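The next block holds one structure in the form of structure tokens; read it before the comments.
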Amino acid sequence: MAGGQATPFRSQLLVQALRYRKPLITVCVLLGTLLGVGAAQLMPQSYKASTTVLIIPLSGNPYSPEGRGDDLINLASETQLVTADTVMNRVASTLGGSVDRASIPDRVTVEVPANTQTLLITFTAGDPDTASKGAAAFANSYLTYRRNRSESIIDGKIKQVEEQSAKVDASLRKATNDLSSGKLSSARRTYLTQRVTQFTNQLAVLEEQANDLASTPIFPGQVISSAPASSGSSLLGTPELGVAGLLAGLLGGLGLGMLREYGDDRLRDAESVERYGVPVLAVRSMPVQPYEPLTTPDSQDDEELRKLRVAVLTRITDMPASMLVAGVSGNDHAARLSADLALALGAGGTETILIDADHTATPSASALLGATIQRGLTDVLLDHDDPQALLREAGPQTQLLPQGTDLKNASSHFLGRGLFQTVNVFRHGADLVIVTGPPLDDPDGQALNMVSYATLLVITAGVTRRREVRAAYAQAEQAEAKIIGAVVLTPPSRRELRAAAAREASRATAEPILVESSVMSAISAAEPRDRADEAEVVIEDPEVVDEDAVVEEPEIVVLDLPDPDDEPRPMTDEAPTMAFPRINNDTPAKTGRSK
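Residue numbers (full-length UniProt numbering): 1 to 595.
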């Protein structure tokens with residue numbers, strides 16, 4: 001292993017969470033949305049009422065006849081008067097205790113519609129009646145405040161004019177009295193006469209100003225429309241809170257998914273295996289059914305198997321050699337991969353011997369190659385039988401040493417001389433000896449590492465963990481075995497599942513039905529019949545001609561097979577023969593390593 005990192009890169013956590021934590025994210029999104037909608041339903045209802053006020057230019061206000069600024073700016077300034085303290089106090093007094101005084105500023109909004117000299121006052125309350133009263137109270141209080149403000153300013157100006165008139169009148173009286181005096185020079189009389197005329201004119205002007213101010217029209221504006229309270233809605237509407245809950249759920253789901261991925265050390269796919277530093281030689285789909293037929297060696301459907309064959313031959317350059325094919329974790333289909341690979345290598349011209357040493361596989365490589373009830377490795381380890389005599393032809397240039405009848409009890413001999421000598425003998429007559437064994441987390445799988453020159457790991461996507469791969473590399477290093485790479489097994493796709501279902505349906509109507517030994521007891525209990533012990537039963541489907549035809553009972557074909565508990569029969573001329581002459585352990589190997 002190239003020393004891959006134990007923790008995924010942070011930049012990959014989000015992608016992995018989106019890819020592998022979809023159910024968690026979906027649940028969080030749904031919960032967030034439901035909580036948002038539920039919160040909207042539980043929140044207090046609100047009603048809005050609007051009143052439109054026409055504003056007349058009025059002295060003493062921002063929008064006045066004397067205004068020199070932009071009318072739009074003046075109207076915007078008028079909106080600030082709506083929320084003045086004086087107006088707020090009048091509204092609070094009008095509404096009484098139905099609305100809290102402190103909440104009134106948050107309940108009112110004022111807008112200036114475009115190209116108008118009107119104000120749109122909107123008031124929000126918990127019931128429609130209060131909303132309508134609040135909008136009307138603001139409109140009336142604002143107009144009253146505007147009129148009072150104008151009257152106050154005009155009254156102040158009139159008072160100033162009256163004060164000036166009083167001063168001028170006093171000066172006029174004094175000048176008149178002085179002019180009435182008999183002892184005045186001609187110049188003094190002329191001066192006083194001019195002063196009297198001047199004061200008289202000033203009084204006339206001031207009186208005219210006072211009359212103008214007193215006659216100034218004071219009309220602040222009027223309410224031109226009052227809309228009824230709108231239908232009830234929450235302060236934040238259901239759509240808004242629903243979207244907010246959805247986003248919160250999405251963010252929470254992504255966060256939880258990334259956290260789960262950060263702590264999850266499973267190898268999800270071939271890319272994650274390669275990022276961890278393990279060379280991926282092939283990616284294959286798991287079989288849909290345990291007893292699915294093996295891949296035909298000359299089949300063009302399994303491109304990955306041909307890639308694997310080339311990769312193995314490229315990495316194992318010193319022939320003859322031995323190679324262990326084992327999974328890193330349980331239920332890894334290593335036996336099927338070993339059988340497929342052995343057939344593919346043999347079909348490609350490589351003399352291959354497959355040793356089935358995996359007593360945990362169901363089905364085993366022996367069963368997949370049709371050698372379920374035959375002597376094999378068990379007899380070699382326990383009874384010291386000749387391994388060459390127990391080889392069976394499995395395919396072109398491919399031979400099989402079956403498990404035997406009880407390999408699990410013989411697995412304690414994996415580290416004995418028998419297995420070492422068997423592998424060594426086979427290496428003298430074949431290019432590659434493939435040993436399929438239990439997972440490497442099993443002590444028996446670890447023992448098989450000792451007899452192998454190379455090791456091919458079988459990694460199950462979404463199941464195998466990084467720590468298990470680390471342990472496998474450590475065990476291989478201790479056994480001085482070279483890990484040439486890994487085969488990643490992925491779950492079957494939906495298309496493969498549909499194709500398998502179609503094949504099964506076609507097989508059920510066109511082929512005999514094979515009843516496995518696990519079903520034999522149920523058949524016996526339901527309908528006992530005479531048959532040979534441990535016999536294989538084949539049930540042929542009845543052929544239905546039409547709806548009125550009589551359906552016959554399925555025919556049961558009983559095949560007499562040898563009892564596995566009986567003594568092994570002597571080999572006959574019809575038994576498979578070796579593809580190479582028997583040699584002893586002293587015969588030198590072809591080339592390459594001795595291991």
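Glycine included, C-beta positions come from ideal geometry on N, C-alpha and C.
Quantities reported herein were computed from a predicted structural model and do not represent experimental measurements.
Original post:
For the alpha helix (DSSP H) that L440 lies in, which residues bound it at each end?
Top reply: For the purposes of this step, residue 440 is taken as residue 440 along the sequence shown, with counting starting at 1. DSSP places L440 outside any alpha helix (DSSP H), giving it a letter other than H or E.
Subject >> R465 (DSSP reduced to helix, strand or coil) >> reply: The residue labelled residue 465 in the question sits at position 465 within the sequence shown. In the structure shown, R465 sits in a strand (DSSP, three-state: E or B).
Subject >> DSSP three-state assignment for Q374, whether helix, strand or coil >> reply: Along the sequence shown, read from residue 1 onward, the residue named residue 374 stands at position 374. In this structure, Q374 counts as coil in the three-state DSSP scheme.
Original post:
Between which two residues does the beta strand (DSSP E) containing K48 stretch?
Top reply: Mapped onto the sequence shown, residue 48 falls at position 48. K48 -> beta strand (DSSP E) spans 45-55.
Subject >> Per DSSP, cross-strand counterpart(s) of K482 >> reply: Taking the first residue of the sequence shown as position 1, residue 482 is located at position 482. K482 pairs with A454.
Subject >> Where F123 sits in the DSSP three-state scheme >> reply: Translated into positions along the sequence shown, residue 123 becomes position 123. Three-state result, F123: strand.
**OP:** Flag E274 as yes if its beta-carbon sits less than 7 Å from any beta-carbon of chain B, otherwise no.
**Re:** The structure shown has no chain B; it contains just one protein chain.
Original post:
Taking the Cβ atom as the reference point for each residue, do V243 and A139 lie within a distance shorter than 7 Å?
Top reply: In the sequence shown, counting from the first residue as 1, residue 243 sits at position 243. In the sequence shown, counting from the first residue as 1, residue 139 sits at position 139. Their beta carbons are not under 7 Å apart, which means V243 does not touch A139 by this criterion.
Original post:
Is R266 helix, strand or coil when you go by DSSP?
Top reply: Translated into positions along the sequence shown, residue 266 becomes position 266. In this structure, R266 counts as strand in the three-state DSSP scheme.
**OP:** Assign L294 to one of three DSSP states: helix, strand, or coil.
**Re:** Counted from its first residue, the sequence shown places residue 294 at position 294. Coil at L294, not helix or strand.
**OP:** Could you check what DSSP says for R21 in three-state terms: helix, strand or coil?
**Re:** The residue given as residue 21 occupies position 21 in the sequence shown. Coil at R21, not helix or strand.
Original post:
Which value, in whole angstroms, describes the spacing of the CA atoms of P438 and Q12?
Top reply: By 1-based counting over the sequence shown, the position of residue 438 is 438. By 1-based counting over the sequence shown, the position of residue 12 is 12. Distance between the alpha carbons of P438 and Q12: 33 Å.
Original post:
Are the CB atoms of G452 and M258 nearer to each other than 7 Å?
Top reply: Here the question's residue 452 lines up with position 452 in the sequence shown. Here the question's residue 258 lines up with position 258 in the sequence shown. Here residue 452 turns out to be Ser, not Gly, going by the sequence shown. No; because the gap between Cβ atoms is not below 7 Å, this pair is not in contact.
**OP:** Indicate the three-state DSSP secondary structure (helix, strand or coil) for S521 in the structure shown.
**Re:** Counting from one through the sequence shown, the residue named residue 521 turns up at place 521. The predicted model places S521 with a pLDDT of 40, which falls under 50 and marks its position as unreliable; any figure quoted below should be read in that light. If DSSP states are grouped into helix, strand and coil, S521 belongs with the helices.
Original post:
Can S366 and T372 be called in contact, C-beta distance under 7 Å?
Top reply: Position 366 of the sequence shown, counted from the first residue, corresponds to residue 366. Position 372 of the sequence shown, counted from the first residue, corresponds to residue 372. Yes, the pair counts as a contact, with Cβ atoms nearer than the cut-off.
Subject >> Cross-strand partners of S493 (DSSP beta bridge) >> reply: In the sequence shown, the residue the question calls residue 493 occupies position 493. DSSP output for S493 lists no bridge partner at all.
Original post:
Got a sec, what are the start and stop residues for the beta strand (DSSP E) S322 sits in?
Top reply: Locating residue 322 in the sequence shown gives position 322, where the first residue counts as 1. It spans 321-327 - the beta strand (DSSP E) in which S322 sits, taken as one unbroken run.
Original post:
Relative to the alpha-carbon of S237, which residue among A311, G253, A39 has its alpha-carbon at the smallest distance?
Top reply: To locate residue 237, count along the sequence shown from 1; it is residue 237. Ser is not the amino acid found at residue 237; the sequence shown has Gly there. Of A311, G253, A39, the residue nearest in Cα terms is A39.
**OP:** State buried or exposed for A499, treating a residue as buried only when at least 16 other CB atoms are found within 10 Å of its CB.
**Re:** Position 499 of the sequence shown holds residue 499. By the 10 Å Cβ count, A499 comes out exposed.
Original post:
Just to confirm, are G253 and V99 a CB contact at a threshold of 7 Å?
Top reply: Taking the sequence shown and counting its residues from 1, one reaches residue 253 at position 253. Taking the sequence shown and counting its residues from 1, one reaches residue 99 at position 99. Cβ distance not < 7 Å, so G253 and V99 don't count as in contact.
Original post:
How far does the beta strand (DSSP E) with L143 in it reach, from first residue to last?
Top reply: Position 143 of the sequence shown holds residue 143. Run containing L143: none in the beta strand (DSSP E); it sits in the alpha helix (DSSP H), 128-180.
Subject >> Other residues of its chain near M450: CB distance less than 6 Å, five sequence neighbours each side excluded >> reply: Reading the sequence shown from its first residue, position 450 is the one you call residue 450. If we look at M450 and ignore the five residues flanking it on each side, its Cβ neighbours are A479.
Original post:
Between the C-alpha atoms of R315 and Q399, what's the straight-line distance to the nearest angstrom?
Top reply: Along the sequence shown, one-based indexing puts residue 315 at 315. Along the sequence shown, one-based indexing puts residue 399 at 399. Distance between the alpha carbons of R315 and Q399: 22 Å.
Original post:
Could you give the uninterrupted runs of the beta strand (DSSP E) lying entirely in the region 359-416, keeping only those of 3 residues or more?
Top reply: 392-395, 398-401
Original post:
What is the DSSP secondary structure of L184, counted as helix, strand or coil?
Top reply: In the sequence shown, residue 184 corresponds to position 184, counting from 1. Look at L184 here: in three-state DSSP terms it is coil, with no helix or strand label.
Original post:
How about the region 372-382 and the region 408-415: do they share at least three Cβ pairs that are nearer than 8 Å?
Top reply: Contact check between the region 372-382 and the region 408-415: three or more CB pairs, one atom from each, fall below 8 Å, which counts as touching.
Subject >> Cβ pair V223, S141 closer than 7 Å >> reply: What you label residue 223 is simply residue 223 of the sequence shown in a count that begins at 1. What you label residue 141 is simply residue 141 of the sequence shown in a count that begins at 1. It is not a contact, given that the beta carbons lie outside the stated cut-off.
Subject >> Counted within 10 angstroms of its Cβ, other Cβ atoms place N424 as buried (16 or more) or exposed >> reply: For the purposes of this step, residue 424 is identified with residue 424 of the sequence shown, where counting begins at 1. The residue is buried, with at least 16 neighbouring Cβ atoms inside 10 Å.
Original post:
Looking at C-beta atoms only, is the number of pairs between the region 197-205 and the region 167-176 that lie closer than 8 Å three or more?
Top reply: yes
Original post:
Is S285 helix, strand or coil when you go by DSSP?
Top reply: Residue mapping note: residue 285 aligns to position 285 of the sequence shown, counting from 1. Looking at S285 - three-state DSSP - the assignment turns out to be strand.
**OP:** Please work out which residues of its chain come closer than 6 Å, Cβ to Cβ, to T460, disregarding the five sequence neighbours upstream and downstream, and give them in chain order.
**Re:** As a working mapping, residue 460 is identified with position 460 in the sequence shown. Hits under 6 Å: D332, L489.
Subject >> When S186, D127, L206 are compared against V165, the one with the closest alpha-carbon >> reply: As a first step, residue 165 must be located in the sequence shown, where it is residue number 165. The identity of residue 165 in the sequence shown is Ser, whereas the question assumes Val. Nearest of S186, D127, L206 to S165, Cα basis: L206.
**OP:** Leaving out five residues on either side along the sequence, give the residues of the same chain with a beta carbon under 8 Å from the beta carbon of V82.
**Re:** The residue you call residue 82 lines up with position 82 of the sequence shown. The beta carbon of V82 sits closer than 8 Å to those of V108, V110, L119, I121, F138, Y142, all from its chain and outside the five residues before and after it, given in chain order.
Original post:
Which one of R466, D127, T51 has the shortest CA to CA distance from S225?
Top reply: As a first step, residue 225 must be located in the sequence shown, where it is residue number 225. Taking only the C-alpha atoms, the option nearest S225 is T51.
Subject >> Alpha carbon of R494 to alpha carbon of L251, nearest angstrom >> reply: Locating residue 494 in the sequence shown gives position 494, where the first residue counts as 1. Locating residue 251 in the sequence shown gives position 251, where the first residue counts as 1. Each residue's alpha carbon lies about 30 Å from the other.
Subject >> Option in R268, T362, A454 with minimal Cα separation from T464 >> reply: Indexing the sequence shown from 1 puts residue 464 at position 464. Closest option to T464, Cα to Cα, is R268.
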